[in-house]
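Down below is the structure, laid out as structure tokens.
There are 2 protein chains.
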Amino acid sequence: MPRQTPAPLPRGRPRSFDAEAAVERAMGVFWSRGYHATALPDLLRATKLSRGSLYAAFGDKHSLFLRALDRYVAIALTRMDIELDHRRDPVDGLRAYLAGYVDRNSGANGRRGCLLVATAMELAGRDADVDRRIASFFKAMEARVADALSRAKAAGKLTDGVEPLSAARILVCFVEGMRVVGKTAPTRIISQATVDAFLDRFIR
Amino acid sequence: MPRQTPAPLPRGRPRSFDAEAAVERAMGVFWSRGYHATALPDLLRATKLSRGSLYAAFGDKHSLFLRALDRYVAIALTRMDIELDHRRDPVDGLRAYLAGYVDRNSGANGRRGCLLVATAMELAGRDADVDRRIASFFKAMEARVADALSRAKAAGKLTDGVEPLSAARILVCFVEGMRVVGKTAPTRIISQATVDAFLDRFIR
DNA sequence: CCATTTAAAGACCAATCGGTCTATATATCG
DNA sequence: CGATATATAGACCGATTGGTCTTTAAATGG
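First to last, the sequence lines map onto chains A and B. Using the numbering used here, you'd call the opening residue of the first sequence number 1 and step up by one each time. Using the numbering used here, you'd call the opening residue of the second sequence number 1 and step up by one each time.
See below:
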């Protein structure tokens with residue numbers, strides 16, 4: 001292994017912005033407006049970067065978008081890993097997981113929608129980088145849900161005839177559909193009741 | 001009531017294009033590309049209209065889009081009215097309805113997605129004309145499904161504990177979610193199996 | 001034939017798009 | 001201090017945006 005030459009300490013004016021924070025701010029803009037409807041000035045305003053800095057740091061709009069999308073996915077999967085943690089009761093986990101969707105779907109949260117669903121609808125099939133991310137996200141989500149359902153089944157908590165993998169596919173469709181219908185800003189009451197009725201079909 | 005002066009017969013070169021056909025062609029473009037990503041030249045190519053004719057007939061891009069969206073909604077609701085016709089067995093109707101989604105979600109059809117879902121994600125919350133259409137479509141869809149489920153319940157074909165209205169809300173989320181996941185072009189086999197497993201939870 | 005009406009073709013418009021580049025100010029090092 | 005490195009501000013670019021307008025060809029009725 002070649003000796004690692006220590007990175008030369010940067011001299012002069014230090015980097016004064018946090019790239020990760022900029023990605024997160026950009027994510028917020030793409031989330032609210034969508035990819036095509038987001039213009040450079042929107043991103044500059046949100047990240048508080050100059051054009052030059054933004055292009056030096058991220059290359060172009062598309063690359064920055066992918067960074068933002070990756071961040072969004074990472075946050076979502078991390079949340080799922082917490083909600084559906086193995087050490088927790090799987091049914092409680094699924095309830096917590098769905099409660100998160102109730103939250104994100106009601107009122108103003110619902111209006112804002114979901115960056116991932118919006119991206120799937122806007123870009124999937126026309127942008128290979130996006131395609132990969134969308135497909136792998138849905139697979140990851142399905143796997144986590146299927147795992148939780150398997151554990152629930154092992155604990156005898158699933159309704160007779162429910163098979164974890166296909167139930168997981170159903171559940172993924174259901175929650176992503178909530179994100180679509182959520183754009184009409186349904187009340188929390190209705191969202192919660194719908195989720196409860198859904199779980200009643202699968203949980204004993 | 002004032003005497004209706006008969007509309008003066010048009011003289012000169014007759015209208016040589018069919019506005020409804022143009023709307024339908026425009027619908028196809030918006031459907032494939034989304035609102036923002038559709039540029040005027042795309043619409044001119046698809047409708048085979050000149051710029052002048054298109055603006056004279058439809059006003060502007062946004063108005064043409066609304067016409068296209070209305071057409072899309074009308075087609076979808078007409079199809080539902082056939083599939084869920086009162087004179088038909090409601091369970092058969094629901095199966096036919098879901099079979100349509102299997103078809104639209106698999107492979108290339110899935111990749112193309114759904115104009116309504118794409119529009120909801122791209123424009124809802126930022127375009128009042130769109131908001132109204134999206135909300136009223138989901139309500140109309142929910143009402144038709146709830147009606148079919150009510151008839152199924154009356155015929156004793158629903159699983160115990162299934163309440164038609166909330167089951168309809170679940171089903172709407174499920175099918176719209178299929179449209180999202182469908183962007184990853186799942187196989188027909190999996191889509192069909194998922195739909196079957198879904199119905200098994202509700203139909204006795 | 002001729003008047004009238006329509007559609008097509010495409011020039012034209014200001015505004016905005018994503019992206020590059022230069023000049024300047026500033027912060028930190030030796 | 002002086003050299004170096006970085007970020008900012010904003011001018012600038014060609015391409016494209018949605019939209020208007022003018023010119024020309026064509027089709028019909030009187």
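All C-beta atoms in this analysis are idealised placements derived from N, C-alpha and C, irrespective of residue type, glycine included.
Exercise for review: Starting from the beta carbon of B/Asp200, find every residue of chain A whose beta carbon is closer than 7 angstroms, and list them in chain order.
Suggested key: Gly161
Exercise for review: Just mark A/Ile82 as buried or exposed, buried being the case when its beta carbon has 16 or more other beta carbons within 10 Å.
Suggested key: exposed
Practice item. Please report how far the alpha carbon of A/Met1 lies from the alpha carbon of A/Arg11, in whole angstroms. Key: Because A/Met1 carries a pLDDT of 44, less than 50, the predicted location of this residue cannot be relied on, and the following value inherits that uncertainty. Their backbone Cα atoms lie some 28 angstroms apart in a straight line.
Practice item. Note down, in chain order, all residues in the stretch 121-142 of chain B with a beta-carbon under 7 angstroms from any beta-carbon belonging to chain A. Key: Met121, Glu122, Ala124, Gly125, Ile134, Ala135 and Phe138
Exercise for review: Measure the CB-CB distance between A/Val102 and A/Arg188 and report whether it falls below 9 angstroms.
Suggested key: yes
Practice item. Drop a sphere of 10 angstroms on the beta-carbon of A/Pro14, count the other beta-carbons inside from all chains shown, and report buried for 16 or more, exposed for fewer. Key: exposed
Review point. What does a CB cutoff of less than 6 angstroms around A/Gly107 pick up in its chain, not counting 5 residues either side in sequence?
Key: Ala185
Check your understanding: What number of angstroms, rounded off, separates the C-alpha of B/Asp85 from the C-alpha of B/Gly93?
Key -> 7 angstroms
Practice item. Using the DSSP secondary-structure output, state which residues sit across from A/Ile190 in a beta bridge. Key: According to DSSP, which records beta bridges pairwise, A/Ile190 is partnered with nothing at all.
Point to revise | Identified DSSP bridge partners for A/Ile203 | key: A/Leu158
Exercise for review: Assign A/Gly107 to one of three DSSP states: helix, strand, or coil.
Suggested key: helix
Review point. So A/Gly177 is in the alpha helix (DSSP H); what residue range does that whole segment cover?
Key: Pro164 to Val181
Exercise for review: Decide yes or no for the touch test of the stretch 120-140 of chain B against the stretch 148-162 of chain B: beta carbon pairs closer than 8 angstroms, at least 3 of them.
Suggested key: no
Check your understanding: Cβ atoms of A/Ile170 and B/Arg201: under 9 angstroms apart, would you say?
Key -> yes
Check your understanding: Looking only at C-alpha atoms, which of B/Ala168, B/Asp70, B/Met80 and B/Gly110 sits nearest to B/Glu142?
Key -> B/Ala168
Exercise for review: Within 10 angstroms of the Cβ of A/Arg126, are there 16 or more other Cβ atoms? Answer buried if so, exposed if not.
Suggested key: exposed
Check your understanding: Going by alpha carbons, who is nearest to A/Leu158 out of A/Met178, A/Phe58, A/Phe198 and A/Gln192?
Key -> A/Phe198
Check your understanding: With C-beta atoms as the reference, is A/Lys183 less than 9 angstroms away from A/Gly110?
Key -> yes
Review point. Between the stretch 23-31 of chain A and the stretch 57-67 of chain A, are three or more C-beta pairs nearer than 8 angstroms?
Key: yes
Practice item. Run the CB neighbour count on B/Glu176, radius 10 Å, all protein chains shown included, and call it buried at 16 or more, exposed below. Key: buried
Check your understanding: In chain A, what lies closer than 9 angstroms to B/Glu176 by C-beta?
Key -> Cys173, Glu176, Gly177, Met178, Arg179, Val180 and Val181
Practice item. Enumerate in chain order the residues of its own chain whose CB-to-CB distance from A/Val195 is below 6 angstroms, with the five nearest sequence positions on each side excluded. Key: Leu98 and Val102
**Study point:** Close Cβ partners of B/His36 (< 8 angstroms) along its chain, the five nearest in sequence each way excluded
**Key:** Glu122
**Study point:** is_contact[A/Ser166, chain B] using C-beta, thresh 9 angstroms
**Key:** yes
Review point. At a CB-CB cut-off below 8 angstroms, which residues of chain A make contact with B/Thr194?
Key: Ser166, Arg169, Ile170 and Cys173
Practice item. Compute the Euclidean distance between the alpha carbons of B/Arg54 and B/Thr38, then round it to the nearest angstrom. Key: Checking the displayed sequence, the identity of residue 54 of chain B turns out to be Leu instead of Arg. For B/Leu54 and B/Thr38, the distance between alpha carbons rounds to 15 angstroms.
Review point. In chain A, which residues lie less than 8 angstroms from B/Arg111 when you measure between Cβ atoms?
Key: Ala124 and Gly125
Check your understanding: With 16 other CB atoms within 10 Å as the buried threshold, where does B/Pro41 fall?
Key -> exposed
Exercise for review: List the residues of chain A whose Cβ lies closer than 7 angstroms to the Cβ of B/Ala37, in chain order.
Suggested key: His36
Practice item. Pick out the complete alpha helix (DSSP H) segments inside the stretch 16-50 of chain A, 4 residues or longer, and give them in chain order. Key: 19-33 and 40-47
Check your understanding: Which word fits B/Arg144, buried or exposed, when buried means at least 16 other C-beta atoms lie within 10 angstroms of its C-beta?
Key -> buried
Point to revise | Spatial neighbours of B/Arg51 in its chain, beta-carbon cut-off 8 angstroms, leaving aside the 5 residues before and after | key: Leu40 and Leu44
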